[in-house]
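Peer 1:
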Amino acid sequence: MQIKGGMSFEERVLEIIRESTKKSGGIVQSELWRILGIDSREGSKLIARLMRKGLLMREAITYKGKKTYILRYADNTRAPVSVSVNLNPVVEVPCFACKQINRCSIGGYYDPTRCPLLTRYLLSMNIRRTLSLTP
Numbered sequence: 288m289q290i291k292g293g294m295s296f297e298e299r300v301l302e303i304i305r306e307s308t309k310k311s312g313g314i315v316q317s318e319l320w321r322i323l324g325i326d327s328r329e330g331s332k333l334i335a336r337l338m339r340k341g342l343l344m345r346e347a348i349t350y351k352g353k354k355t356y357i358l359r360y361a362d363n364t365r366a367p368v369s370v371s372v373n374l375n376p377v378v379e380v381p382c383f384a385c386k387q388i389n390r391c392s393i394g395g396y397y398d399p400t401r402c403p404l405l406t407r408y409l410l411s412m413n414i415r416r417t418l419s420l421t422p
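Under the numbering used here, the first residue of the sequence shown carries the number 288, and numbering increases by one thereafter.
Below you can see the structure in the form of structure tokens.
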């Protein structure tokens, strides 16, 4: 549904909630219905749709003695997060290059407790650790 100025009804609702969030921390649902001139059934559907999109947050409150909800604009702008993972310690593990990795299981035909490649790798790691600890 389009309204004056080319703005959709959802955009208008979001603008009202965004401004209310900036000014007073949100808007009570019933006040929004009054401003928009819609009933609670139509408004609830609209709010549910906007919440599914992650554009709003809704918090239960008591307003004028009645249980209702306050609506707040969900500012989803977050600072980018950079994650650095060092894979060097696991690159040497023979399991990652093994052709039988999908069949390997304890007690199975390909058993890690009886694998010569894994045993050799673990022994070499133990020797390296022992040598690095000796002064």
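Glycine included, each C-beta is placed from N, C-alpha and C at the ideal position.
1) Which residues in the same chain have their Cβ closer than 8 Å to the Cβ of residue 330, if we skip the five residues on either side of it in sequence?
2) To which residues of the same chain is residue 359 closer than 6 Å at the C-beta, ignoring the five residues directly before and after it?
3) Quickly, what does DSSP pair residue 315 with across the bridge? List them, please.
4) Over the uninterrupted alpha helix (DSSP H) stretch that includes residue 414, give me the two end residues.
5) Residue 381 and residue 405 look like a contact to me (Cβ under 8 Å); what is the Cβ gap, rounded to whole Å?
6) Could you tell me the alpha carbon to alpha carbon distance between residue 417 and residue 367, rounded to whole angstroms?
7) Please state if the CB of residue 301 and the CB of residue 337 are separated by a distance shorter than 8 Å.
Peer 2: From the atom records:
1) 316, 319, 320 and 323
2) 308, 313 and 344
3) 357
4) 403 to 420
5) 6 Å
6) 41 Å
7) yes
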